[in-house]
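Step one of this worksheet: look at the structure below.
Chains as they are written, first to last, in the numbering used here: chain A, 1 to 361; chain B, 362 to 673.
Shown next, in the form of structure tokens:
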């Protein structure tokens, strides 16, 4: 009687881990909002940031011209495509500068009774790099037009080649932050929901192995991670020419270790609470510091040097640094051993603690 | 422990803070029988069943299920779980999975058991096979929960209020499944606060109140304890001299109930009701309302505790 009848073979359940993982995948696919956050949101974010930061090297300086010499300066600058200059009243220029619509306000007075030469009065925010750049470019152009001769010959080589643009820096950062977000939400939130809805209790009275239950969330996460990473990288390659300079094998290894690291963290975050608000608070507590510190949008080198070891010990920093090393600098796994170690340590320790303190009901 | 016992609980105690939910409970369920724990909400029924299922541990006392104790290692606990089918109170299942997917998942946890198709046929959910759990009616969900409990072909079935909130027809279909399991020699422990359910399904009933079993026996034995053939509840249009009523021949007991109602237990004498009517006339009271019924487990509970089983 134990022989498998062929017509029943399809309906016969397989290994519990397979069936649990299958259930996780089905649940996820039937949850439209999850699809949005995992696949659509990262692509939208890349589009938005890619457009906002495109062609920063060849950017246009926006400035307002005031004073008696405004018309004359405007005609000098109008031949140069790097400048978008408009004449304005002193008040309008002041307002536009404060609102960020222009980078620089220039008040120009031609030679007159008071002074023998032109007098140029620049107004800008020195902490804003766009203001400083506009000040330099406009001043150089006007000084030369008024007869200044440069003593050395100069030659500019623009580095706009793939791998060194801002978008090349940004995409690994977004990939990392996305792996963190979907990892924590995808596993942590799902576990908390299952505890809150008392689904977990029902499983606890079956002979199901508890490790299978937790592993199924992690395996399902890895399956979706593949789609998520491919979607983001294919899109970034197609839309912004962002390519991976290192080997795809090294990239895959970094992504897998990073995903495992955040899987461990998410099980830890979800190990006790059955309250959705507590869970989302905990997740934000974990993620927010890394959003800020781990160099997603700008290099963490801008933080004081004393903080660097702390920042580098964060799992997201390790993931993003390793991704940038492989994608932008074309390095192999040997160059990112330290980062892989940091991620493995976070993931492994979190998972071990989570198993100890995990609450089933 | 005797080989015939499926479940044995000795001196079971469980506290939640200051509340003693289960207070020195003794319970034996024989193999092949259906045992019902009957009691009001908060009597400790669910706490007891969850300890028997190994979901929580007692503070004091010992539990043996099928001759085995909980907590003797993970592998031993898993072996025992494989032989127990459990339906928790208001079992929650994932609403996004279909009936067939849910059963397939549960069946995979057990080393042996019925096929998914067999389970679906057992609880008559063939037409809902591909329906998501979230779209099932209350009765269909309860039957699916029952099928999940039966997935591992268990020896013992623990059902915690399997029909609460169901209409009579849906309740009957759940009963059919439970009786089918009994017919194959399975042991059932169920909790309920419906006396009718205990009377239909159970070989023996334990009436539970405040963490203890206060009466134990077959439904017939328990009803026998009321010692009356008929119970009469009536109300009249004014005050009544109760002492005279209680002293009437053929009247076993008299008590005044809530809202001006009067409760009388009548013995075997067929004249007893007529005697009561004469006494009312003698006291110059006319009837407003009168009902009579044969004693039920509900009356047993009222006799024992002075409170009603269900206060809703």
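C-beta atoms are modelled at their ideal positions from N, C-alpha and C, and glycine is treated no differently. Quantities reported herein were computed from a predicted structural model and do not represent experimental measurements.
- Residue environment for residue 638(B): exposed (fewer than 16 other C-beta atoms within 10 angstroms of its C-beta).
- For residue 487(B), not one C-beta of chain A is nearer than 8 Å to its own C-beta.
- Within chain A, the residues placing a beta-carbon under 8 Å from that of residue 469(B) are 13, 14, 15, 16, 18, 19, 20, ordered along the chain.
- For residue 336(A), there is no enclosing beta strand (DSSP E), as DSSP marks it with neither H nor E.
- Using a Cβ distance threshold of 8 Å, residue 122(A) and residue 146(A) do not count as a contacting pair.
- Pairing residue 367(B) with residue 644(B), the inter-Cα distance amounts to about 57 Å.
- Close to residue 30(A), with beta-carbon spacing below 7 Å, are these residues of chain B in chain order: 457.
- Not a single C-beta of chain B is nearer than 8 Å to the C-beta of residue 352(A).
- Within its own chain, the residues whose Cβ lies closer than 6 Å to the Cβ of residue 251(A), once the five positions on either side in sequence are excluded, are 244, 326, listed in chain order.
- The DSSP-derived three-state label of residue 467(B) is helix.
- Closest by C-alpha distance to residue 372(B), out of 381(B), 385(B), 513(B), 537(B), is 385(B).
- The secondary-structure analysis by DSSP pairs residue 569(B) across a beta bridge with 574(B).
- Around the beta carbon of residue 136(A), fewer than 16 other beta carbons lie within 10 angstroms, which makes this residue exposed.
- Contact between the stretch 513–532 of chain B and the stretch 540–560 of chain B is present: 3 or more CB-CB pairs across the two stretches fall below 8 Å.
- Here the stretch 569–576 of chain B lies against the stretch 657–668 of chain B, with 3 or more beta-carbon pairs under 8 Å apart.
- Residue 180(A) sits away from residue 285(A), with the two beta carbons spaced by 8 Å or more.
- Interface residue (Cβ-Cβ distance to chain A less than 8 Å): residue 453(B) is classified as such.
- According to the DSSP assignment, residue 388(B) belongs to the beta strand (DSSP E) that extends over 380–391.
- In the three-state scheme derived from DSSP, where H, G and I count as helix and E and B as strand, residue 591(B) is classed as strand.
- Between the alpha carbons of residue 469(B) and residue 458(B) lies a gap of roughly 15 Å.
- Taking CB atoms only, residue 190(A) has no neighbour in chain B less than 8 Å away.
- Less than 8 Å divides the Cβ of residue 580(B) from the Cβ of residue 560(B).
- Taking all protein chains in view, the Cβ of residue 51(A) is surrounded by fewer than 16 other Cβ atoms within 10 Å, so the residue is classified as exposed.
- Against chain A, the CB of residue 475(B) has no partner CB under 8 Å away; the residue lies outside that interface.
- Linking residue 221(A) to residue 418(B) through their CA atoms gives a straight-line distance of about 34 Å.
- One thing to note: residue 415(B) has its Cβ within 8 Å of the Cβ of residue 441(B).
- Under the DSSP assignment, residue 634(B) falls in the alpha helix (DSSP H) whose first and last residues are 633–643.
- Annotated as proximal: residue 531(B) and residue 500(B), with beta-carbon spacing under 8 Å.
- For residue 377(B), the enclosing beta strand (DSSP E) covers residues 366–377.
- Annotation for residue 614(B): no alpha helix (DSSP H) segment contains it, though the beta strand (DSSP E) segment containing it runs 612–617.
- For residue 445(B), the uninterrupted beta strand (DSSP E) run begins and ends at 445–448, by DSSP.
- When only Cα atoms are considered, residue 152(A) and residue 287(A) end up about 51 Å apart.
- Taking 8 Å as the Cβ-Cβ cut-off, the stretch 378–400 of chain B has no residue approaching chain A.
- Any Cβ of chain B closer than 8 Å to the Cβ of residue 207(A) would place that residue at the interface, and such an atom is present.
- Going by DSSP, residue 61(A) is part of no alpha helix (DSSP H) but of the beta strand (DSSP E) stretching over 61–66.
- In this structure, DSSP gives residue 101(A) a state outside helix and strand, which the three-state scheme calls coil.
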